Structures are given as structure tokens and as C-alpha cells.
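Asker: Let me give you the structure first, and then I'll get to my questions.
2 protein chains.
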Amino acid sequence: MRTTINEPLPDKEECTSSLKNALDALSVINGRWKLALILCLMQSSKRFSEIQHEMTGISSRILAKELKDLELNDFIKRHVYPTTPVTIIYEATGYSRSLKSLIGELSAWGGQHREKIKESIRNQS
Amino acid sequence: MRTTINEPLPDKEECTSSLKNALDALSVINGRWKLALILCLMQSSKRFSEIQHEMTGISSRILAKELKDLELNDFIKRHVYPTTPVTIIYEATGYSRSLKSLIGELSAWGGQHREKIKESIRNQS
DNA sequence: GGGGCTACTTACACAAAGGAAAGCGGTTAC
DNA sequence: GTAACCGCTTTCCTTTGTGTAAGTAGCCCC
Chain A
383 MRTTINEPLP DKEECTSSLK NALDALSVIN GRWKLALILC LMQSSKRFSE IQHEMTGISS
443 RILAKELKDL ELNDFIKRHV YPTTPVTIIY EATGYSRSLK SLIGELSAWG GQHREKIKES
503 IRNQS
Chain B
383 MRTTINEPLP DKEECTSSLK NALDALSVIN GRWKLALILC LMQSSKRFSE IQHEMTGISS
443 RILAKELKDL ELNDFIKRHV YPTTPVTIIY EATGYSRSLK SLIGELSAWG GQHREKIKES
503 IRNQS
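Going line by line, the protein sequences match chains A and B.
Residue numbering for the first sequence is 383 to 507, as defined by the numbering used here.
Residue numbering for the second sequence is 383 to 507, as defined by the numbering used here.
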């Protein structure tokens, strides 16, 4: 129930700092659109209206905000070309590829979890 | 800007299903307390009031809700011992250990990201 | 000069997440 | 009997995230 007060827990400090990092990571990729946007732009660079068209359901307000957010975190870069009218292209940076293994883990775990939950619902009924 | 319509994107379908799984995983571990609770109970099984004491800041309403959630997802088990008064112990299940590598990835990425952002703020100023 | 396009911004609204405080049913301690 | 503890639940409120609709600045076309 409780380890004694004096015996430090196995790796409590390491654990809380690792928790802090994990929560930071979550806060960066969290939200309905962020991962989708990153993946979308990793497939190819696109303009605002093209992204809006591909991500059916996102409003321009949210898209603008999310793009700003992603740019701040260095996942994407905003290029302005002085054509008339001006062309603005959003491009995934190399840094967005640093998410690859994280997304891989998330996806692998998420996939097996869905299976597990489906299984346990079947067994329950 | 846009790949031609007929040439299918590198792995678009795989990508959207992987996105779906990743979002599922996020929805399960998402929230201010879930990961902390899992890690807390992985260190040792505990009673409601002990958890509440260890996680300073969580309200009983939220704690009860989160514990229910985690139990539904099979991360923890609720044991009732018929002592007087009844003792209730929450214990991390083996399944919660399946999160280990995911938490590891999150934490590793989060740690390096914080460094990177700090760096880029320094360079900017 | 009216309408349309692009890349947004602004104002408003709503729903979900989370927190504060009180209560509750059962028990033990005094 | 009354006070306290445990494991919650209930009520109310604030904050955060997201959505809808409209507007705007700059340019083009006719």
C-alpha cells in the first residue's frame, strides 16, 4: 500500500521528470488537427486553401491558428512567394520527421489497444 | 504544391489509418492526470486517499472519474477488501506496462523538444 | 465599380474538461 | 451524540478547445 517514508521509491525522481517531458510532448501534438496537418504537409507542401480542402471539416480560423502553432514549434515553414496574388506555401520541415518514431509508437499502441478493447467487449457480452 | 491526381500519394491510406490509431492512443492517455496516475500506481498500489494525497492538486471528483476511466481501459484494477471499514486498493495491471515504450518515446521526444525550443529562443533574442 | 479570389482575422457561441465546495452513507473513536 | 475518516457523488462554475459566420486587405477581371 505504501512504501515506508524513508525508503525512496525505485526511481521516483526519474519518473516525475520523465512524466513532465511526456506531458510536454503531448501538449505539443495534442488537439484534433495537429498530427493530421503534419502528416498532410509531410506528404507534400501545400497552400492554405489546398490544406483546407484536404482536411475536410477544419475551419479557416482553426487552420490559421494550428498552422501558426506548428510553425512556432518548428514543424512547418511558411513560404511567401511574391506572385500576384501572393502565393503562400506551407512546408513540413525536417524537424517534423523527428516525430516519426513517436507517431509510430502511438499508432502501434493505439492499434493493438483497439483490438484489445473490442476483444474484451466481445467476451463481456 | 500538389501531386497529380492520378498518382497515388506514397502511402496515403496507410498514413490515415496510422493517424486514426495514433489519435485513438492519444485520446486514451490524454488529460492532465492519466499518465501521472498510471505511473503513480505502477510504483505501488494505493488507496483513494493515498493517491489523492500524492497527486497534490487533484480533486476527488476528477480522481474518481479518472480511476473509473483507467479501469475501463484496463490499466488499473480496483480491489475491495471486506475489512471494517472496507478497504479499496487500486493496482496497476500488467497491461499498463504496455505503455512503457510509448511513455519512453513521449518522454524522450518531449525532453529534446524542450531543449530545442529553449535553444531557438536564445538564438532569436 | 461590382464581383471574385486568397489568406486570413474578428466576434460570437457552444461543449467538454477540469476545479471548488458541499454532501452522503457507513464506520470507528471519544 | 458528535466528531472524524473513507470513498466517493453532486452541484456549480471557469477555462479551454473548437465551430460558424461574417468581415477585411489586396489584387484581378470585366
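We treat Cβ as the ideally placed atom computed from N, Cα and C, and that holds for glycine.
This structure is a prediction, so every number in the text was calculated from the model and none was measured.
#1: So, are the CB atoms of B:I411 and B:L405 less than 8 Å apart?
#2: For B:I503 and B:Q494, what's the separation of their Cα atoms in angstroms?
#3: Please report the Cβ distance between B:A407 and A:G492, rounded to the nearest whole angstrom; I am assuming they are in contact, meaning their Cβ atoms lie under 8 Å.
#4: Can you find a C-beta in chain B that's less than 8 Å from the C-beta of A:V410?
#5: Given this structure, state the Cα-to-Cα distance separating A:E487 from B:T475, to the nearest angstrom.
#6: To the nearest whole angstrom, what separates the beta carbons of A:E473 and A:L421, a pair I think is in contact under 8 Å?
#7: At what residues does the beta strand (DSSP E) containing B:V410 begin and finish?
#8: Going by DSSP in three states, B:I458 sits in which element: helix, strand or coil?
#9: Give me the subset of the segment 473 to 491 of chain B whose CB atoms are less than 9 Å from a CB atom of chain A, sorted by chain position.
#10: Kindly give me the distance between the Cβ atoms of B:I470 and B:F430, rounded to whole angstroms, as I take these residues to be in contact under 8 Å.
#11: Quick check on B:S399: buried or exposed, where buried means 16 or more other Cβ atoms within 10 Å of its Cβ?
Answerer: According to the data block:
#1: No, they are not a contact pair.
#2: Distance between the alpha carbons of B:I503 and B:Q494: 14 Å.
#3: Contact holds; Cβ gap of about 3 Å.
#4: Yes - at least one Cβ of chain B is within 8 Å of the one on A:V410.
#5: If you draw a straight line from the Cα of A:E487 to the Cα of B:T475, it is about 20 Å long.
#6: Contact flag wrong, Cβ pair sits at about 14 Å.
#7: First-last for B:V410: 394 to 411, but that is the alpha helix (DSSP H), not the beta strand (DSSP E).
#8: Note: B:I458 maps to strand in three-state DSSP.
#9: For the segment 473 to 491 of chain B, the set of positions with a beta-carbon nearer than 9 Å to some beta-carbon of chain A reads Y477, S480, L481, S483, L484, I485, G486, E487, L488, S489, A490, W491 in chain order.
#10: Approximately 6 Å separates the beta-carbon atoms of B:I470 and B:F430; this is inside 8 Å, confirming the contact.
#11: So B:S399 ends up on the exposed side.
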